[in-house]
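Read left to right, the sequence shown gives residues 1 to 235 (the UniProt record's numbering). Comments concern the structure below.
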Amino acid sequence: MLDSFFADTIDEIGPPQRCIPLTVEQDARLSKCLPSSFMDFLRAYGLGDYFDRKVQYCDPAEFSSILALVFGADSDFSHKDCFVIAQSAFGRLVCWSERHDHFEIDLVDLRLTSSKLAPTEFILPPGFEKRERSSDPNILARSLLVSDRRDYEEFDAQGEPMFDRCVSSYGLLERDECYGYFPAVAIVGLDSPMRRIENIRRVKALEHFTILAQLGTFHLMKFERGQYTAVRPIG
1 MLDSFFADTI DEIGPPQRCI PLTVEQDARL SKCLPSSFMD FLRAYGLGDY
51 FDRKVQYCDP AEFSSILALV FGADSDFSHK DCFVIAQSAF GRLVCWSERH
101 DHFEIDLVDL RLTSSKLAPT EFILPPGFEK RERSSDPNIL ARSLLVSDRR
151 DYEEFDAQGE PMFDRCVSSY GLLERDECYG YFPAVAIVGL DSPMRRIENI
201 RRVKALEHFT ILAQLGTFHL MKFERGQYTA VRPIG
């Protein structure tokens, strides 16, 4: 039976598309490392995608080597107990860890964000009290379900969204593909004017992500005052 949040969200946005059912082996393996609420979602729908493959759910085993490249010998993160459960069209990895719960890696911008290790600080209005963060993994796993088409967007150098324009220019992605910058943003600079539609290609995702994971040092980042600030390097 689906968690109520998952069920209500799917009623609102619909089920994932182009779903591939879990195999018996995948079910047995993933149930050892992912919360039961998210496993119920995967058992019901398999590995599908949302919003024209803007986000695709995936088998974590395919991404273990990429996490090893990103983490190196980091004291907090390890590819042995961190798992990629989804990828965006441009290279953001949605991850789960029993130690850190939901966190994300942006392979384009060499950025890791974690609401547990580097939470966003909000200024609450008078009279509002700060809510304690849940420690229940089945509740925390609710954030692994994509619920808004605006999530996981990529923006060009002028701050304009790119996904729909990439679909129009290059076509819908296949399951094993992503949209990649050529040259990579990490090479030309994160604020480079090269962040534009004309420098995008459709490429094999795992091959491209493996290259991106080796182009520089990733940083744990905190989002505050409308921008990201580095907390510490990863590795």
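Glycine included, C-beta positions come from ideal geometry on N, C-alpha and C.
Skipping 5 residues on each side, what residues in its chain have a beta carbon closer than 6 Å to that of Ser143?
Reading the sequence shown from its first residue, position 143 is the one you call residue 143. Here the set comprises His102.
For the beta strand (DSSP E) that Glu224 lies in, which residues bound it at each end?
The residue labelled residue 224 in the question sits at position 224 within the sequence shown. That run of the beta strand (DSSP E) goes His219 to Glu224.
Please identify the residue among Pro233, Arg92, Lys54 and Ala61 whose C-alpha is closest to the C-alpha of His79.
Looking up residue 79 in the sequence shown gives position 79. It is Ala61.
Residue range of the alpha helix (DSSP H) that Thr120 falls in?
The count along the sequence shown starts at 1 and reaches residue 120 at position 120. Under the DSSP assignment, Thr120 falls outside any alpha helix (DSSP H); it carries neither an H nor an E label.
Residues in its own chain within less than 8 Å of Ile33 by CB, not counting five upstream and five downstream?
Numbered from its first residue, the sequence shown carries residue 33 at position 33. For the sequence presented, residue 33 should be read as Cys rather than Ile. Pro60, Asp81, Phe83, Trp96 and Glu98.
Enumerate in chain order the residues of its own chain whose CB-to-CB distance from Pro193 is below 8 Å, with the five nearest sequence positions on each side excluded.
By 1-based counting over the sequence shown, the position of residue 193 is 193. Excluding positions up to five away in sequence, the list reads Ala157.
Taking the DSSP output, what are the residues bridged to His102?
What you label residue 102 is simply residue 102 of the sequence shown in a count that begins at 1. According to DSSP, which records beta bridges pairwise, His102 is partnered with Trp96.
Given Thr217, which residues of its chain have a CB within under 8 Å of its CB, disregarding the five upstream and five downstream residues?
The count along the sequence shown starts at 1 and reaches residue 217 at position 217. Close CB contacts of Thr217 within its chain, under the 8 Å cut and outside five residues either way in sequence, are with Leu110, Pro233, Ile234 and Gly235 (chain order).
Let me know the secondary structure DSSP gives Ile200 once reduced to three states.
Within the sequence shown, the letter at position 200 stands for residue 200. The three-state reading of DSSP puts Ile200 in strand, counting E and B together.
Do you know offhand how far Arg195's Cα is from Val203's?
For the purposes of this step, residue 195 is taken as the residue at position 195 of the sequence shown. For the purposes of this step, residue 203 is taken as the residue at position 203 of the sequence shown. Those two C-alpha atoms are separated by around 17 Å.
Starting from the Cα of Glu207, find the closest Cα among Leu107, Arg43 and Ala118 and give me that residue.
On the sequence shown, residue 207 is found 207 positions in, with the first residue counted as 1. Nearest of Leu107, Arg43 and Ala118 to Glu207, Cα basis: Leu107.
Do you know offhand how far Tyr228's Cα is from Lys222's?
The residue you call residue 228 lines up with position 228 of the sequence shown. The residue you call residue 222 lines up with position 222 of the sequence shown. When rounded, the distance between both Cα atoms is 5 Å.
Under three-state DSSP, which class holds Ile20?
Position 20 of the sequence shown holds residue 20. Three-state result, Ile20: strand.
For Ile197, which residues in the same chain have their Cβ closer than 8 Å to its Cβ, ignoring the five residues on either side in sequence?
In the sequence shown, residue 197 corresponds to position 197, counting from 1. Around Ile197: Asp156, Met162, Arg165, Cys166 and Ser169.
Are Leu140 and Ser134 closer than 7 Å when you measure CB to CB?
Stepping through the sequence shown from its first residue, residue 140 is reached at position 140. Stepping through the sequence shown from its first residue, residue 134 is reached at position 134. In this structure, Ser134 lies closer than 7 Å to Leu140 by Cβ.
For His100, which of Leu67, Gln87, Ser88 and Phe77 has the nearest alpha-carbon?
Start at 1 with the first residue of the sequence shown, and residue 100 comes out as number 100. Comparing C-alpha distances from His100 to each of Leu67, Gln87, Ser88 and Phe77 shows the shortest one belongs to Phe77.
Going by Cα to Cα distance, which pick from Ser64, Val231 and Met1 is closest to Leu117?
Looking up residue 117 in the sequence shown gives position 117. It is Val231.
Entirely enclosed beta strand (DSSP E) segments - the segment 122 to 180, minimum 3 residues
As far as the segment 122 to 180 is concerned, it has no whole beta strand (DSSP E) run of at least 3 residues.
By the three-class DSSP mapping on this structure, what secondary structure does Val188 have?
For the purposes of this step, residue 188 is taken as residue 188 along the sequence shown, with counting starting at 1. Here Val188 sits in helix by DSSP.
Can you tell me whether Ser37 is buried or exposed, with buried defined as 16 or more other CB within 10 angstroms of its CB?
Numbered from 1 along the sequence shown, position 37 holds the residue referred to as residue 37. So Ser37 ends up on the buried side.
Any contact of the segment 63 to 70 with the segment 38 to 45, i.e. 3+ C-beta pairs under 8 Å?
Counting Cβ pairs under 8 Å, fewer than three are found: no touch.
Pair within 7 Å by beta-carbon distance, Ile13 and Val70
Counting from one through the sequence shown, the residue named residue 13 turns up at place 13. Counting from one through the sequence shown, the residue named residue 70 turns up at place 70. At least 7 Å separates the beta-carbon of Ile13 from that of Val70.
So, with DSSP's three-state summary, where would you put Val108?
For the purposes of this step, residue 108 is taken as residue 108 along the sequence shown, with counting starting at 1. Note: Val108 maps to coil in three-state DSSP.
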